[in-house]
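Engineer:
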Amino acid sequence: MKLKIVLEPSEDGGYTVYVPSLPGCISEGDTVEEAIKNIKEAIELYLEPVEDDLIPFAEKKAEIIELTL
């Protein structure tokens, strides 16, 4: 399974990471590597109840757009 993640520097240091196609699936870490490790764990926990229901959530396509204000 492939999912897109968004990794952003946090204002307080470290990184925030989330999965646009999994609402509420968010994590953070002090380093990029730690943030990615943590979001993998968060994704696994997020998907546990879904696996039993076989909901085809992964078919939804998220689009990431960069805006300049």
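For the sequence shown, my numbering gives the first residue as 2, with consecutive numbering after it.
Even for Gly, the Cβ is constructed at its ideal location relative to N, Cα and C.
In this text, all values refer to a predicted model and were calculated from it rather than measured experimentally.
Could you compute how far the alpha carbon of L46 sits from the alpha carbon of P10?
Structural biologist: For the purposes of this step, residue 46 is identified with residue 45 of the sequence shown, where counting begins at 1. For the purposes of this step, residue 10 is identified with residue 9 of the sequence shown, where counting begins at 1. The alpha-carbon atoms of L46 and P10 are separated by roughly 23 Å.
Engineer: What are the boundary residues of the beta strand (DSSP E) that G30 is part of?
Structural biologist: Working through the sequence shown from its first residue, we reach residue 30 at position 29. Element bounds for G30: I27 to G30.
Engineer: Relative to the alpha-carbon of V33, which residue among K3, V7, S22 and I65 has its alpha-carbon at the smallest distance?
Structural biologist: Stepping through the sequence shown from its first residue, residue 33 is reached at position 32. For the residues K3, V7, S22 and I65, the minimum Cα distance to V33 belongs to V7.
Engineer: Give the secondary structure of E9 by DSSP, where H, G and I count as helix, E and B as strand, and everything else as coil.
Structural biologist: As a first step, residue 9 is located in the sequence shown; it is residue number 8 there, counting from the start. E9: strand per DSSP, three-state reduction.
Engineer: Thinking C-beta only, is I65 closer than 8 Å to K5?
Structural biologist: Here the question's residue 5 lines up with position 4 in the sequence shown. Here the question's residue 65 lines up with position 64 in the sequence shown. For K5 and I65, yes; Cβs fall inside 8 Å.
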